Amino acid sequence: MSDETPVDKMSFEQAMGELEQVVTRLERGDVPLQDSIALYERGAALKKRCEDELKRAEEKVAAITLDAEGNPAGTKPVEGL
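Take the sequence shown: its position 5, counted from the start at 1, is 5 in this note's numbering, and no numbers get skipped.
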């Protein structure tokens with residue numbers, strides 16, 4: 001696991017990959033309690049990062065405007081980005 005990388009600097013794919021590793025380790029149940037707590041906290045931060053990145057992507061997709069025929073015609077500003 002790459003605990004050195006700050007969660008807020010990870011791409012969606014990096015955060016998702018590490019989150020899967022965290023879940024696997026926790027599901028095995030062979031991690032000491034103190035380590036389990038740290039893993040859970042890291043997992044919660046990774047989950048939030050993934051959710052934030054997905055929301056940002058959804059907002060970008062929602063900003064794509066379509067012409068009368070349903071073809072992408074450009075983008076419109078999305079508030080808050």
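Using N, Cα and C, we set each Cβ at its ideal position, and we do this for glycine too.
These figures come from a predicted structure and were not determined experimentally.
- Just measuring C-alpha positions, the residue of 73, 29 and 58 sitting nearest residue 65 is 73.
- In this structure, the CA atom of residue 22 is about 34 Å from the CA atom of residue 63.
- Per the coordinates, the alpha-carbon of residue 37 lies some 53 Å from the alpha-carbon of residue 68.
- Under the rule that a run must span 4 or more residues, no alpha helix (DSSP H) segment is found entirely inside the region 44-68.
- The C-beta separation of residue 26 from residue 39 comes to about 6 Å, placing the pair in contact by the 8 Å criterion.
- Following the DSSP letters along the chain, one finds residue 24 inside the alpha helix (DSSP H) bounded by residues 12-28.
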